[in-house]
Structures are given as C-alpha cells and as structure tokens.
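Here the numbering used here is used: position 315 in the sequence shown is 325, and no number is missing along the way. We put the beta carbon where it would ideally sit given N, CA and C, even for glycine. Notes for the one structure printed next.
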Amino acid sequence: MTIRFRKYSWQLAPGQLRDIRQKVFIDEQRVPPELEWDDTDEIADHYLAVLPDNTPVGVARLFPALDETGHIGRMAILPEHRGKGFGEALLRHLMAEAASQFDELRLSAQEHAVPFYRRSGFHVCSDVYDDAGIPHYDMRCLAPALAMEALPDNPYPAILGEDPSSWLFDTETRMLALMDSLAGQARQRLWLYDRLLEHDLYDRGRFRELISVLARGHRLSEVRLLIHDDKPLVKRRHKLVELMRRLPSRIELRLTNDDYPLEDQPFILVDREGVLYRHDFYKPEGFGKFSDAGRVKQLSESFQRMWDAGRGSLELRELPL
C-alpha cells in the first residue's frame, strides 16, 4: 500500500502527530508525559506518515547535533497499522532526507526493535540501559548514504557479519565512509597495514573516536598499526599516536622489516569478518566487505608474519606526550 510523508516544524505540526505519540508512548508503553514531551521537539523536524486517504499511520522526528550527527527519535506506528512495512518505509524516508545532511545517524532503540533497525544499516553501539522503564540500546549508522544506496535489496547493509556484498570505492569520501563503518563495529580487534599513517585518513576525529572506543571497550581489545615509515609521525603531531601512547596495552605500532616479504596493498581487518582492501598505497581504490571470513583469515596470516618480523619505533617512544 502506498504511504506518503509530510514534514512539519513543531509549531505547525497537526494534532494527529501529538495524538499518535500520546497513544503509543504514553498510553500503550506507559512512558511518563514529562519524559515524552521535551525541548528537542522545538528544534526537530517532525514527520507524519499517512495513507492515500490521509489516514495517519505513524510519526518520527529528526534533529541535528553539534557534531554533524543526525538523531532519529520518537518513531511510532499505530497498532492497527503495524506489520505492513510502514515503519520501515518511514525510517528509510528519514534516512534519505538525512543522507545529504549528515555523515552519521544515531537513535535510541527499544530492545525489541534492534533487529528492525539493523535491517536498515544501524548497529548497536552501547550496552543496554533503562529509559522510562524500557530496555534500550544506542544505535548508529556511520554511512547513511551508503546504506540508502543498498536498500532495499540488501537486508543488512554494511552490518558486520551479516552483509556479504562487496562495496567498491574509487573516491576518498566513499573509502572513508566504509572505513568508519567497519571500524565502528569492531568488538575485539582492528589491524591496519599501510605505508604511512596518513593524516587525512587516520588522524580524523571520528576515526580516532572509533579507535578509542574499541581500545577502551574490552580488556581483550587489540589495535595493531603496521606501517613502513614513521618519520612523518615524528615531524608532525599525530593524535592517533598520542592515543596509542596513552593506551599502550591496547594500541601498538610497529614498523615493517624490509628484509622480509611485504604485502603490496594496504588493508584494514576488523574482527574476524570485516576487511577494507586498497589496490594501491597511493590511490583510494579498492573494496570493503563486512562478511568475508575467508579473506580476513588469509590476510590475517600475512599480517601476523609481517608483524612478527617488525620492530617498534624508537623515535615515537622518545617523543614527549
């Protein structure tokens, strides 16, 4: 069945929008009214989903944060219209609206709704927590434009361990979106092999944040950085290196040994299934895969050989924090 979407500011929103939230969140889910109605409504765009005869079906809101992140919230479908794909259509409409504005989307998902959001490219990025007496998880989509590109044919776009497709890239923007999507889902390890730790690639604020979250998130987490040359790191302060020196048991850097065979292409390995592979050290061309255990195993063995033959950086060790 066809569904349409209307966008409003809070001041001009029709009463139907408030009525749906009242019925679903306050009446059905017992959310206290003082928690349901908040100041965020004033700055958000509000969406009302309607049938061709203008029958209201559901609502949602979208609002920006200071860090170029869009937040989706207050998604609700009336009970009599559930199970018909309207919620998925509404979510993907919001993602399409947001893809040109934000590099990242976040939302707070009720525990039972996590699989629903994963089918549209969101992954869990927090432990479970209580919100209004309901278990929730924070979820994020680090590349909404890529997710929208794959939908609806790909049931789990860019989800680690679920998406078997190959994501080709030939621009730096697309490569970085894939890199961050992979790194953001790492739960145990990230191994990086490259000629240099290029500032434009690896010293970006979001990538450092993702590495920091991984390194601090679990006692067995492991970040390995294997590069050919550390001289640019010595000449120019690299914040990822500063993070490494503050978390030496979780993040380690080594230099390759030219006396041993080296790989001719750079790559990043995430856990046991994710890979970002470039065809050349000097070009942003290659592919990313979120579920390719065989390739990751093969590259892991090669990485381990180069790592075992490598050495630490004396120059970085001597730099002051």
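For the beta strand (DSSP E) holding residue i, just list the boundary residues, first then last.
i, result
"Pro145", "144-151"
"Leu272", "Unbroken run through Leu272: none, as it is neither H nor E."
"Ser176", "176-179"
"Glu232", "232-237"
Leaving aside the five residues before and after residue i along the sequence, list all residues of the same chain whose C-beta is less than 6 Å from its C-beta, in chain order.
i, result
"Ile13", "Ala59, Phe96, Ala99"
"Ile278", "Leu202, Leu286"
"Leu235", "Leu202, Leu263"
"Arg280", "Strictly speaking, residue 280 in this sequence is Val, with Arg absent from that position. Counting only Cβ-Cβ distances below 6 Å, and skipping sequence neighbours, we find Leu192, Ala196, Leu200."
"Gly284", "Leu170, Leu192, Phe300"
"Arg40", "none"
Would you call residue i buried or exposed, if buried means 16 or more other Cβ atoms sit within 10 Å of its Cβ?
i, result
"His81", "buried"
"Thr183", "exposed"
"Leu331", "Unreliable positioning characterises Leu331 in this predicted model, as indicated by a pLDDT of 48, which lies under 50. The coordinate reading is nonetheless provided below. Exposed, since its Cβ has fewer than 16 Cβ neighbours within 10 Å."
"Ile261", "buried"
"Pro89", "exposed"
"Ser136", "exposed"
"Asp163", "exposed"
Which one or two residues does DSSP pair with residue i in a beta bridge?
i, result
"His81", "Phe73, Arg116"
"Pro66", "Val60"
"Phe297", "Leu178, Tyr287"
"Tyr139", "His146"
"Arg16", "Leu58"
May I ask which residues mark the beginning and end of the alpha helix (DSSP H) holding residue i?
i, result
"Ala193", "182-193"
"Tyr166", "Tyr166 -> no alpha helix (DSSP H), and no H or E assigned at all."
"Ala108", "96-109"
Excluding sequence positions up to five away, which residues of its chain have a Cβ less than 7 Å from the Cβ of residue i?
i, result
"Leu161", "Arg102, Ser130, Pro167"
"Leu45", "Ala142"
"Arg218", "Lys249, Leu250, Leu253"
Please return the same chain residues whose Cβ sits closer than 8 Å to the Cβ of residue i, not counting the five positions on each side in sequence.
i, result
"Asp29", "Pro66"
"Thr181", "Pro294"
"Glu38", "Pro89"
"Ile221", "Ala193, Leu200, Val233, Leu250, Leu253, Ile261"
Measuring CA to CA, which of the options is closest to residue i?
i, options, result
"Leu309", "Ala75, Gln275, Gly320", "Gln275"
"Met105", "Ile87, Phe73, Leu88, Lys94", "Phe73"
"Arg31", "Leu22, Gln21, Gly68", "Gly68"
"Ser301", "Arg71, Leu152, Ser176", "Ser176"
"Lys245", "Glu208, Glu232, Gln198", "Glu208"
"Gly322", "Ala70, Glu121, Val134, Lys241", "Lys241"
"Gln314", "Val233, Phe297, Arg256", "Val233"
"Arg205", "Val134, Ile144, Phe291", "Phe291"
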